[in-house]
Each structure stands twice: as C-alpha cells, then as structure tokens.
Amino acid sequence: MNTYAIVAYDKLDGQAAARRQAARTPHFERMKLAVGEGKIHFAGSMLAEDGRMTCSIVIASFPDRAALDAWVREEPYVKNGAWERIEVAPMFVAVKEGVITDEWMSLMARHLAASAKA
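Sequential numbering from 286 applies to the sequence shown in the working numbering.
Pasting the structure below:
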C-alpha cells in the first residue's frame, strides 16, 4: 500500500457550507467505510479564522494512484462540487500514532552515514 496526502479545497463562493451540508451524510458514511477498510488514517478540515471549513485534509493508503483517483472521483463532496480543487501527493510517514516510524529511523541513519562521509 502507498500512503498519500490529499488536500481538497472547498469552492468558496458563498454556497460552500450548503454544499458540504447537502453531501455530509453520504460523505461521512463513505469515510467510515474507508476507515474500516484501513484506507483512511487521518482526516479533518482546515478552518478559517471565523471557524468556517475551507478545505479537507485526508491521509490515506491505496494500492496505487489509480485506485486513489477512482476513490476520489466517487467522493460525495467531489460529485456535488463542494471540493473545487484537489491536490494529491505521495507521503512519507515519519511519525505514526505518536511513534517515530522505522522508515524514518532508517532514512535518518542513511542521512547521518552520508553526512559522515562528506
């Protein structure tokens, strides 16, 4: 499985809250299913200073980018236009559930070894 960071920006045209509300129940049901399947590790919303939701952040694992893209296309917030723009990038996980990962420790060991040679 590959881990991805997904940042989905709301269409901020005065109707954002209404679009989110209209798709909230199917969005939550779909997210609960994906959590149960082990796909979603973290999800939440970025807030404006006044508390309005402006964007969603999701950390998820999928077999490949094509599987992730297919999942995103079916997202209720995509289908109803709540999310205007979506950025996706592969993600290296350094800390998980408050613990530094073995992958990060290995990366740091390689970095320190390379620095010592330089």
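Just so it is clear, CB atoms sit at the ideal spot from N, CA and C, and this is done for glycine as well.
Query: Judging by CA-CA distance, which residue of Thr288, Ala319, Ser330 is the nearest neighbour of Ala302?; Result: Ser330
Query: Can you list the beta strand (DSSP E) stretches of 3 or more residues lying completely in the stretch 309 to 393, in chain order?; Result: 325 to 332, 338 to 347, 368 to 375
Query: If you drop the 5 nearest sequence neighbours on each side, which residues of the same chain put their C-beta closer than 8 Å to that of Ile385?; Result: Ala379
Query: Going by the CB atoms, is the gap between Ala293 and Trp389 shorter than 8 Å?; Result: no
Query: Would you be able to state if there are at least three C-beta pairs under 8 Å between the stretch 322 to 329 and the stretch 339 to 354?; Result: yes
Query: Indicate the three-state DSSP secondary structure (helix, strand or coil) for Ala302 in the structure shown.; Result: helix
Query: How should Glu334 be labelled, buried or exposed, when 16 other C-beta atoms within 10 angstroms of its C-beta is the threshold for buried?; Result: exposed
Query: Using DSSP with H/G/I as helix, E/B as strand and the rest coil, what is Ala403?; Result: coil
Query: Counting only the same chain and skipping the five closest in sequence on each side, list residues whose C-beta sits under 8 Å from that of Ala308.; Result: Pro361, Tyr362, Lys364, Asn365, Ala367
Query: Given Met376, which residues of its chain have a CB within under 8 Å of its CB, disregarding the five upstream and five downstream residues?; Result: Thr288, Tyr289, Ala290, Ile344
Query: Looking only at its chain, what residues have a beta carbon closer than 6 Å to the beta carbon of Asp354, apart from the 5 residues adjacent to it on each side?; Result: none
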